[in-house]
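Everything below concerns the one structure shown next.
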Amino acid sequence: MDAMPEQMVVGVDLGGSKINTILADPRGDIKARDLRDTCADEGPEAVIKRIIESIKRVVSGADIGGIGIGAAGVCQASTGVITFSPNLPGWHNIPLKDIVQREFGVPTYMENDATVAALGEHCFGAGVGIENLIYVTVGTGIGGGIIIGGQLYCGASGTAGEIGHMTIHVDGPCCNCGNIGCWETFASGTALAREAVKKIEAGAQTTILSFADGHLEKVDGETVFLAAQQGDCLAMELISVTGYYLGVGLVNLVNIFNPQLILIGGGLSQMGSLLLDPALKVVGERAFRLPAEAVRIELASLGADAGALGAVALVLQEKSRKG
Ligand SMILES: [Zn+2]
Numbered sequence: 002m003d004a005m006p007e008q009m010v011v012g013v014d015l016g017g018s019k020i021n022t023i024l025a026d027p028r029g030d031i032k033a034r035d036l037r038d039t040c041a042d043e044g045p046e047a048v049i050k051r052i053i054e055s056i057k058r059v060v061s062g063a064d065i066g067g068i069g070i071g072a073a074g075v076c077q078a079s080t081g082v083i084t085f086s087p088n089l090p091g092w093h094n095i096p097l098k099d100i101v102q103r104e105f106g107v108p109t110y111m112e113n114d115a116t117v118a119a120l121g122e123h124c125f126g127a128g129v130g131i132e133n134l135i136y137v138t139v140g141t142g143i144g145g146g147i148i149i150g151g152q153l154y155c156g157a158s159g160t161a162g163e164i165g166h167m168t169i170h171v172d173g174p175c176c177n178c179g180n181i182g183c184w185e186t187f188a189s190g191t192a193l194a195r196e197a198v199k200k201i202e203a204g205a206q207t208t209i210l211s212f213a214d215g216h217l218e219k220v221d222g223e224t225v226f227l228a229a230q231q232g233d234c235l236a237m238e239l240i241s242v243t244g245y246y247l248g249v250g251l252v253n254l255v256n257i258f259n260p261q262l263i264l265i266g267g268g269l270s271q272m273g274s275l276l277l278d279p280a281l282k283v284v285g286e287r288a289f290r291l292p293a294e295a296v297r298i299e300l301a302s303l304g305a306d307a308g309a310l311g312a313v314a315l316v317l318q319e320k321s322r323k324g
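Residue numbers (the numbering used here): 2 to 324.
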């Protein structure tokens, strides 16, 4: 018998800048939270210590049935090892799952953060009841998770869902992954900031810089959005171009997967229709008619908690699978 429904579950979202840890019941209601800086530059040992402290803080004597971790990096779900992370310096082959499991003595599961966020939206968010869905997180980069037949699709080595690194331009800009022309080099916050800086340096008329304290290096997706909200023409145009490229990648996903639903989350999703409308237009123009008619493309609903709630969902899914 599985005593799971009575027990609380811990969900940890390990990001490059924040650790968001929650204690939740099996319905996804958050009972406690600990949000702290990752301080990733202090290295794995210090970060692991902070993760353990964070979990202890939310558990605080509660009876927990498991711990889920969504980590910003390439994770081998079967072994619970973070093989590499562009956002966590020094993390090479760290067996985070085992370390946490040993510390707390409860079943522990780990997946990539965007992958668990997909599961979070599927179990507790905008994707409840949808069997075939793709979650796309658009922030500094682009990540994603693929749900097929109600189950996470993990692939042969557990690394599926790296949608941000599909090539959409064979001669495009260099990507952090070492390839060129990846989707995230065109449709992420980083890409948006890069194009804004180019235009400002070329002398374009815009208020974007005033939202970045006058510093070019502080220009990011957020500052471009703030300027756009105040009616800045260049900022609106840049977001529209980012939306266009977002749409180009979505066309590929629509044609390949024929999903019922694509959910857009991550920092840039706060731009709403400013980003989404041009993307939807491209999908309408370029995707095959039948899958384009079948898909809804909408904003995700769990916001910054998608990863932590997804980590909770991961525990529930793994435990129910083991019955
Ligand atoms: Zn790439």
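Just so you know, even glycine gets a beta-carbon here, dropped at the ideal spot from N, CA and C.
Query                                                                                                             : Result
Three-state class that DSSP yields for Asn253 in the structure shown                                              : helix
Terminal residues of the beta strand (DSSP E) in which Phe85 lies                                                 : Val82 to Phe85
Simplified DSSP assignment, three categories, for Gly204                                                          : coil
Length at least 4, wholly inside the segment 34-104: the alpha helix (DSSP H) runs in chain order                 : 45-60
DSSP three-state assignment for Pro6, whether helix, strand or coil                                               : With a pLDDT of 49 at Pro6, under the threshold of 50, the modelled position of that residue is not reliable, and no figure is offered here.
Reference Ser79, options Ile265, Leu281, Leu120 and Cys155, closest by Cα                                         : Cys155
Cutoff 7 Å; reference Gly190; Cβ partners in own chain excluding five residues on either side                     : Gly140, Thr141, Asp221, Gly222, Gly268 and Leu269
Nearest-angstrom beta carbon gap, Gly266 and Ala301 [assumed within contact, 8 Å]                                 : 3 Å
Glu132 versus Ser211 - alpha carbon distance                                                                      : 45 Å
Sheet register partners of Lys19 (DSSP bridge)                                                                    : Asp38
contact_flag[the segment 121-128, the segment 80-99] where n(CB pairs < 8 Å) is 3 or more                         : no
Inter-residue CB distance, Ile148 and Ile164 (contact presumed, cutoff 8 Å)                                       : With 8 Å as the limit, Ile148 and Ile164 do not qualify as a contact, their Cβ atoms being about 13 Å apart.
Touch test, the segment 39-46 against the segment 84-99, Cβ-Cβ under 8 Å, three pairs minimum                     : yes
Option nearest Val242 by Cα separation, candidates Ala188, Val252, Ala213 and Leu254                              : Ala188
Spatial neighbours of Val249 in its chain, beta-carbon cut-off 7 Å, leaving aside the 5 residues before and after : Ile169 and Val283
Asn180 beta carbon near ligand 2 (any heavy atom closer than 7 Å)                                                 : Of the ligands this structure carries, namely ligand 1, none is ligand 2.
Gln231 versus Thr207 - alpha carbon distance                                                                      : 11 Å
Alpha-carbon to alpha-carbon, Asp99 and Glu286                                                                    : 48 Å
Neighbourhood of Val171 by C-beta, 8 Å cutoff - its chain only, sequence neighbours within 5 removed              : Ile181 and Gly182
Nearest candidate by alpha-carbon position, reference Arg103, set Ala25, Ile68, Ile263 and Ala213                 : Ile68
DSSP-derived helix/strand/coil call for Asp14                                                                     : strand
Heavy atom of ligand 1 within 7 Å of Cys183 beta-carbon                                                           : yes
Boundaries of the alpha helix (DSSP H) in which Leu210 is found, first to last residue                            : Premise fails: Leu210 is in no alpha helix (DSSP H) and is neither H nor E.
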